[in-house]
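A.B. asks: If you scroll down you'll find the structure; I have some questions about it.
2 protein chains.
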Amino acid sequence: MLDPESLYSANANNMQKSVIRELLKLLTTPDIISFAGGLPAPETFPVEGLRAAADKVFRERAAEALQYGTTEGDKELKDQLIAFEARQGLRLSRDELLVISASQQALDIVCKVFLDPGDLVIAGRPTYLGEIQAVQSYRASILGIPFSGGDDGFDMAELRARFANSKRAGKKVKYLYVIPDFQNPTGICWSLAKRRELLEFSYENDLLVVEDAPYREIRFLGETLPSLYQLDQDGEARRNVIGFKTFSKILAPGTRMGWIVGPPEIIAKFVVAKQAMDLCSNVFTQAWIAEYLRTGAIYAQIEETRKLYRGKRNHMVACLEKHMPKRPDLRWTSPEGGLFLWITLPESIDTERMFARAIEKKVAYVIGSAFYFDEPQGNCMRLNFSYPSLEQIDLGVRRLADCVGEELGGSD
Amino acid sequence: MLDPESLYSANANNMQKSVIRELLKLLTTPDIISFAGGLPAPETFPVEGLRAAADKVFRERAAEALQYGTTEGDKELKDQLIAFEARQGLRLSRDELLVISASQQALDIVCKVFLDPGDLVIAGRPTYLGEIQAVQSYRASILGIPFSGGDDGFDMAELRARFANSKRAGKKVKYLYVIPDFQNPTGICWSLAKRRELLEFSYENDLLVVEDAPYREIRFLGETLPSLYQLDQDGEARRNVIGFKTFSKILAPGTRMGWIVGPPEIIAKFVVAKQAMDLCSNVFTQAWIAEYLRTGAIYAQIEETRKLYRGKRNHMVACLEKHMPKRPDLRWTSPEGGLFLWITLPESIDTERMFARAIEKKVAYVIGSAFYFDEPQGNCMRLNFSYPSLEQIDLGVRRLADCVGEELGGSD
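So the protein lines, in turn, are chains H and L.
In this text, residue positions in the first sequence follow my numbering: the first is 1, and each later residue adds one.
In this text, residue positions in the second sequence follow my numbering: the first is 1, and each later residue adds one.
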């Protein structure tokens, strides 16, 4: 009898299920208030605009949109993306742009093209779970860098020290993975000074920078800062930054569509990798989104999303202030954009252990340990504010505060 | 200055561009008749039916179809696929089914989950280029098995001999990759006896079988034979067959949608792999195709496609008989289904060398050598008959016959 276990690759044996996606499956009870997912609010989906755009593709480009496409991506969509990025001051040509099936595919392509088993990726500590999974699936490791106390980016002294250590240990760091705008899971936005410092560090050490920017457009407070890609382009133009974005948070995740920007020779390598992965991204959806972008409706629509999330974020922060026990060792980030905030609880609390209590009280979060590659910190949690309603935020935070109160009472 | 070349993974350095996709880019001259692609005829796309189905999704399931979905795939689509396969006598449960972004993603998932560098995959000689690319991208190799003279499957004596040799050499064969129905590139359909023999061989040697069946429904002559998956299910049920199919040839390739069937424990492993690759396939397209399948229109539509391709195939075979030089060492396969036929020319002709002459005469094909993992045979070519019109087939075959005649004249 065939034993599949004996046939799996070393990479497959190193793959880890997503804790979040497994958690989400448990949350089918309708009266649980979930802060666990990373779902955009469905009321932000421009259903009528998308419907009209799809209909136009059926009427005008059906034979082409239903046929095979190039691996590089639909030219019309690329031109629309170039125009979209130009509004933020980015100068792009078609060969600096690859259309992809949303950000997770970008993470997979970058790992496949750059990582050998045993290689290192520098990333935040904590960092996005999807990056951890992608890196694990190629048997590479993450060198985690803690964030500074000011919530403005990496602790740069730690970055330098840990990088030097890993070099001494003979490890090869292939790239720096960062989410400068409203990081997942913490919500942290990097300051301009820290962005410049990180870029300088990458120049000094000939490191590639991978800038994941799914939430960049979802800023609801403060001023937009230049991306690392822009800082390089407008400065020394050393071309060591790869950026990627997705339509998941600014349009609709069900479209599974995103894009990578980078130097043409790296994009060309990605194209070869993607050919063997899926030939090309959904051709119909590319034509459809190009059509939607052409109408220009996306700008007002993103503005609406920003307003909605600003209200939800403000409400969540207000509810936390109102209901959570007041202690110096209980704090949360106050993000200026994105979908998440990050709570650090007193060290006696283990959010994984507390999870059963939370489910009993009908509220859910993501345990913080899910976002650590190694030596996870147990007293943290990620809360999502984009999906729940204002009422649910209020009630959910009350329930969560009750949990924390009980844990503290029990452990005192 | 950063040198990306110094950062690429060993896998990336082993990746090869698709000869076909590079060839196709050259074919922008409008008066070239191309037998080179593998495109379905656009007149087979059920544009109105798909438009109505998409519109229904917008009206009834928009919020869900535009949101994130599960990695496993949309339940409605899965149920429609179970019903679709049941008409062919297949019994499937949801956990034996994974929705994927068309077949190339299945090839990538299978390679990622099973192949370590240096491993072997047994496949036809020649075989599908996309499988060659996928295997190369994980630094594994293909052990090519020639087809028997009767065009009915592998030369089984060669299979046994080559497998025994590779075992003696200490190589690990991870799976058998076969396209039993109208193989790409040859058009060969495996006989029932050969199917049984291959399955028996896989049982004897505890080998996994990967059955790629993109053309299975596109049979226009003869009787449908049971798939390897079915033969196993209806026989010993050893559960060592993984099958995959795509909507690319039976609906529209621009939808980038397909499915894998297999034992639940292997499907579960594939789900974990796919999570790190793209989280989930296009959610809107899953709902959209489920809606289209629900109407039942696909069966009549596939029947129309079969009729159309039967006419084109018959015409191409008739034109070859009429125009090609008559010699025992110049022959072609006569497929009972699929999109391609395979021509073997006299050994003095190298189709790669002849390609310039063909382009000059404004006709294109795929050089046979593209479909060999190693030691390519130079005197073959693949012709596609699904895309060109009857007139183009006639004119193109005349041009090709002229090329061959001139080559033979020149080399005599």
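Ideal placement from N, C-alpha and C gives every residue a C-beta, glycine not left out.
Bear in mind that the values here come from a model prediction, so they are computed numbers and not experimental data.
Any C-beta of chain H sitting closer than 8 Å to the C-beta of I302 of chain L?
C.D. replies: Judged by the 8 Å Cβ criterion, I302 of chain L is not in contact with chain H.
A.B. asks: What are the uninterrupted segments assigned as beta strand (DSSP E) that are 3 or more residues long and contained completely in the segment 131-167 of chain L, given in chain order?
C.D. replies: Segments of the beta strand (DSSP E) lying fully in the segment 131-167 of chain L: 141-146.
A.B. asks: Relative to the C-alpha of I393 of chain H, which candidate in H:R327, H:H323, H:F373 and H:H315 has its C-alpha closest?
C.D. replies: When only C-alpha atoms are compared, the closest one is H:H315.
A.B. asks: With distances taken Cα to Cα, identify the nearest neighbour of D350 of chain H among H:I367, H:P185, H:N205 and H:G338.
C.D. replies: Ranking the options by Cα distance to D350 of chain H, first place goes to H:I367.
A.B. asks: Check for me: the alpha helix (DSSP H) holding E204 of chain H runs from which residue to which?
C.D. replies: Residues L192 to E204.
A.B. asks: Taking Cβ positions only, does Y309 of chain H come closer than 8 Å to chain L?
C.D. replies: No, its Cβ sits nowhere closer than 8 Å to a Cβ of chain L.
A.B. asks: Tell me, to the nearest whole angstrom, how far the beta carbon of G254 of chain L is from that of V283 of chain H; I am working on the premise that it is less than 8 Å.
C.D. replies: Their Cβ separation, rounded to whole angstroms, is 3 Å, which keeps G254 of chain L and V283 of chain H in contact under 8 Å.
A.B. asks: On the three-state DSSP scale, how would you describe N13 of chain L?
C.D. replies: Helix.
A.B. asks: Determine the direct distance from the alpha carbon of N384 of chain H to that of M110 of chain H, and round the result to whole angstroms.
C.D. replies: Looking at the sequence shown, residue 110 of chain H is not Met but Val. Their Cα atoms are separated by approximately 27 Å.
A.B. asks: Any beta carbon of chain L sitting closer than 8 Å to that of I359 of chain H?
C.D. replies: So no, I359 of chain H is outside the interface.
A.B. asks: Run down chain L in chain order and give the residues with a C-beta less than 9 Å from the C-beta of Q67 of chain H.
C.D. replies: By Cβ distance, chain L contributes L39, P40, P42, F45, A252, P253 and G254.
A.B. asks: Which chain H residues sit within Cβ distance under 8 Å of R238 of chain L?
C.D. replies: Going along chain H in sequence order, the residues near R238 of chain L (Cβ under 8 Å) are M1 and L2.
A.B. asks: Please classify R239 of chain L as buried or exposed, where buried requires at least 16 other C-beta atoms within 10 Å of its C-beta.
C.D. replies: Under this definition R239 of chain L is a buried residue.
A.B. asks: Who are S415 of chain H's beta bridge partners in DSSP?
C.D. replies: Outside the shown range of chain H, which is 1 to 412, sits residue 415 of chain H, and nothing can be said about it.
A.B. asks: Would you say L176 of chain L faces chain H, with C-beta separation under 8 Å as the test?
C.D. replies: No, because no Cβ of chain H sits closer than 8 Å to the Cβ of L176 of chain L.
A.B. asks: Since Y8 of chain H meets chain L, which of its residues come closer than 8 Å, beta carbon to beta carbon?
C.D. replies: Per Cβ cutoff of 8 Å: V113, F114 and K269.
A.B. asks: Over what stretch of residues does the alpha helix (DSSP H) that includes T344 of chain H continue unbroken?
C.D. replies: Not the alpha helix (DSSP H): T344 of chain H falls in the beta strand (DSSP E), residues F340 to T344.
A.B. asks: Does the structure place the segment 72-87 of chain H close enough to the segment 137-148 of chain H that three or more beta carbon pairs sit under 8 Å?
C.D. replies: Not touching, per the Cβ criterion.
A.B. asks: State the start and end residues of the unbroken beta strand (DSSP E) segment that holds R125 of chain H.
C.D. replies: Start and end: L120 to R125.
A.B. asks: Pick from L:R59, L:A12, L:E96 and L:S6: whose alpha carbon is nearest that of F270 of chain L?
C.D. replies: Checking every option, the nearest Cα to that of F270 of chain L belongs to L:E96.
A.B. asks: Quick one: does I266 of chain L have its CB under 8 Å from some CB of chain H?
C.D. replies: Yes, because at least one Cβ of chain H sits closer than 8 Å to the Cβ of I266 of chain L.
A.B. asks: How many Å lie between A356 of chain L and T29 of chain L at the Cα?
C.D. replies: Whole-angstrom Cα-Cα distance: 14 Å.
A.B. asks: Please report how far the alpha carbon of S411 of chain L lies from the alpha carbon of V404 of chain L, in whole angstroms.
C.D. replies: Because S411 of chain L sits at a pLDDT of 47, beneath the cut-off of 50, its placement in the model cannot be relied upon, and the following sentence gives the value as read from the coordinates. Roughly 10 Å between the two C-alpha positions.
A.B. asks: Using alpha carbons as the reference points, say which of H:M354, H:V113 and H:G149 lies closest to V363 of chain H.
C.D. replies: Residue H:M354 is the option with its Cα nearest to V363 of chain H.
A.B. asks: G130 of chain H: which of H:R398, H:T44 and H:F373 sits nearest, CA to CA?
C.D. replies: The shortest Cα separation from G130 of chain H among H:R398, H:T44 and H:F373 belongs to H:F373.
A.B. asks: Compute the Euclidean distance between the alpha carbons of R162 of chain L and I145 of chain L, then round it to the nearest angstrom.
C.D. replies: Approximately 8 Å between the Cα atoms of the pair.
A.B. asks: For chain H, check one thing: does any of its Cβ atoms lie closer than 8 Å to the Cβ of Q230 of chain L?
C.D. replies: Q230 of chain L does not count as touching chain H.
A.B. asks: Thinking just about the alpha-carbon of each residue, which of L:Q301, L:W288 and L:L345 is nearest to the one in E60 of chain L?
C.D. replies: The shortest Cα separation from E60 of chain L among L:Q301, L:W288 and L:L345 belongs to L:W288.
A.B. asks: Strictly below 8 Å CB to CB, what residues from chain H border D108 of chain L?
C.D. replies: By Cβ distance, chain H contributes A276, M277 and D278.
A.B. asks: Let's test the definition: count the other Cβ atoms within 10 Å of the Cβ of Q230 of chain H and tell me whether it reaches 16, buried, or not, exposed.
C.D. replies: By the 10 Å Cβ count, Q230 of chain H comes out buried.
A.B. asks: Indicate whether the contact test is met: 3 or more Cβ pairs, each with one atom in the segment 44-62 of chain H and one in the segment 257-270 of chain H, closer than 8 Å.
C.D. replies: Taking 8 Å as the limit for Cβ pairs, the verdict is that the segment 257-270 of chain H does not touch the segment 44-62 of chain H.
A.B. asks: Per DSSP, what kind of secondary structure is D116 of chain L in: helix, strand or coil?
C.D. replies: D116 of chain L falls in the coil class under three-state DSSP.
A.B. asks: By DSSP, does S411 of chain L sit in helix, in strand, or in coil?
C.D. replies: At S411 of chain L, the pLDDT of 47 sits below 50, so the modelled position is not reliable; the number obtained from the coordinates is stated separately. The answer is helix: DSSP assigns S411 of chain L an H, G or I state.
A.B. asks: Quick test of your reading: F35 of chain L and G396 of chain L, contact by CB under 8 Å. State the CB separation rounded to the nearest angstrom.
C.D. replies: Confirmed, Cβ separation roughly 6 Å.
A.B. asks: Report, in whole angstroms, the separation of the C-beta atoms of E211 of chain H and S227 of chain H, which I expect to be a contact under 8 Å.
C.D. replies: Going by Cβ atoms, the distance from E211 of chain H to S227 of chain H rounds to 6 Å, so yes, they are a contact pair.
A.B. asks: Compute the distance between the beta-carbons of Q275 of chain H and M277 of chain L, then report whether it is under 8 Å.
C.D. replies: No, these two residues do not count as a Cβ contact at 8 Å.
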